[in-house]
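Beneath this line is the structure, given in structure tokens, with notes to follow.
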Amino acid sequence: MSYQIAIDGPAGAGKSTVARAVAKKLGYIYVDTGAMYRAMALYLLRLHISSADADRISEASRDAVINIAYENGVQQVFLNGENVTAYLRTEEVGNMASASSVNPDVRRKLVELQQDLAARENVVMDGRDIGTCVLPDADVKVYLTATPACRAKRRYDELTAKGERCDLDAIETDIRERDERDTNREFSPLRQADDAVLIDSSDLTIEQVIERILALCR
Ligand code: DC
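Taken in order, the sequence shown gives residues 18 to 235; the numbers are from my numbering.
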């Protein structure tokens, strides 16, 4: 049986940084499920499909072939054969991913892919519904969160470091709206699994969060 670590929580809580580090430490693969929803969003944006057009999203999602591969341990996302990893971390793609991930056809397709991966390999998987829906029997479940202001500041620092110009208040507004959508959607909403351990990272360093999760695994 493969070993499964599920890390869920809202945008900007530090899930990917922490999950990547835990995976490296344990020699497991890190599965960033948000990147799969982002690849689907990129596909829809390229087709100029509106985030409100559920029928066209359902239909188009059938033709999107999304695959994951690892190069030097780093996840690469392929969309219909093209490596699109470099295009996924923009606010435009993130907002479309938040909107299109409410679609049950999109979710069914990507959840299947995630479950296939986790059946074959030891994984640290992060997302919104991993502990509740994708891997309900995961060995360790963590719900990682932080205040919206704190998450906005982290996203701001991340974008600024990459040389992107951005506005802190606009980012916080975006984060609150995305939380609202992610927690209130009908299918697989963001919520803490009953058996998940809550970690609030607002006043913790990345190292402290990593250490807590490793302690849970031990
Ligand atoms: O974690 P992220 O910002 O890369 O995720 C982008 C969007 O994808 C997010 O708004 C919600 C959605 N998502 C999801 O619905 N389920 C997941 N397991 C992961 C992400």
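We put the beta carbon where it would ideally sit given N, CA and C, even for glycine.
| query | result |
| --- | --- |
| Using the beta-carbon count (16 or more within 10 Å), is E203 buried or exposed? | exposed |
| Kindly list the residues whose CB is nearer than 6 Å to the CB of S118, restricted to its own chain and excluding five residues on each side of it in sequence; keep chain order. | Y54 |
| Below 8 Å CB to CB, which residues in the same chain sit around I192 once its five sequence neighbours on both sides are set aside? | P27, A28, G29, P165, R168, A169 and R172 |
| Is A155 near the ligand DC, in the sense that its beta carbon is under 7 Å from a heavy atom of that ligand? | no |
| What three-state label does DSSP hand K179 in the structure shown? | coil |
| Any beta carbon from chain D within less than 8 Å of I147's own beta carbon? | Protein chains in the displayed structure number just one, and chain D is not present. |
| Just mark I263 as buried or exposed, buried being the case when its beta carbon has 16 or more other beta carbons within 10 Å. | Residue 263 lies beyond the stretch modelled for the chain, which goes from 18 to 235, so this question has no answer here. |
| First and last residue of the beta strand (DSSP E) that includes M57? | Segment T50 to R63 is the alpha helix (DSSP H) holding M57; no beta strand (DSSP E) there. |
| State buried or exposed for D146, treating a residue as buried only when at least 16 other CB atoms are found within 10 Å of its CB. | buried |
| For the alpha helix (DSSP H) that Q225 lies in, which residues bound it at each end? | I223 to C234 |
| Would you say R171 touches the ligand DC, meaning its beta carbon is less than 7 Å from a heavy atom? | no |
| For T107 versus Q93, is the C-beta spacing smaller than 8 Å? | no |
| Drop a sphere of 10 angstroms on the beta-carbon of L59, count the other beta-carbons inside from all chains shown, and report buried for 16 or more, exposed for fewer. | buried |
| For the ligand DC, is there a heavy atom less than 7 Å away from the beta-carbon of G148? | no |
| Pick helix, strand or coil for N84, following the three-state DSSP scheme. | strand |
| With H, G and I counted as helix, E and B as strand and the rest as coil, what does DSSP make of Q92? | strand |
| Looking only at its chain, what residues have a beta carbon closer than 7 Å to the beta carbon of S33, apart from the 5 residues adjacent to it on each side? | D49 and D143 |
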